[in-house]
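Let me begin by presenting the structure, written as structure tokens, before commenting on it.
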Amino acid sequence: MREILTYVDRDYVDTVNIEKLMDYSIQKMLAKLDPHTVYITKSETEQTKLQLESNFDGIGVE
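Residues in the sequence shown are numbered from 175 upward in steps of one, following my numbering.
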């Protein structure tokens with residue numbers, strides 16, 4: 175896959191966001207293998223981590 179992305183990045187006529195293309199490709203491959211598998215991107219992981227690390231006050235009920 176890296177080799178293909180290298181060719182696309184180097185030779186494709188338009189500008190390509192390689193990270194988005196890679197995330198999309200991984201999501202589609204995993205969905206084909208198992209419809210219950212979910213791929214979480216780096217930005218989604220960071221956002222979730224920030225939410226989980228935030229401070230809670232009170233008894234923990236939202």
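C-beta: ideal position from N, C-alpha, C; glycine also.
So, under 8 Å CB-CB, residue i and residue j are touching, yes? Tell me the CB distance rounded to an integer number of Å.
i    : j    : result
Q221 : Y213 : The pair is not a contact, with the Cβ atoms about 15 Å apart (cut-off 8 Å).
D195 : L207 : Rather than Asp, the amino acid found at residue 195 in this sequence is Leu. About 19 Å; that fails the 8 Å criterion.
D197 : V190 : So it is not a contact: roughly 13 Å between Cβ atoms.
On the DSSP letters alone, give me the boundaries of the alpha helix (DSSP H) that residue i sits inside.
i    : result
Y181 : R176 to D185
T222 : K216 to E227
Y198 : I192 to L207
Measuring alpha carbon to alpha carbon, tell me which residue in the options is nearest residue i.
i    : options                   : result
K216 : V187, Y181, L179 and E193 : E193
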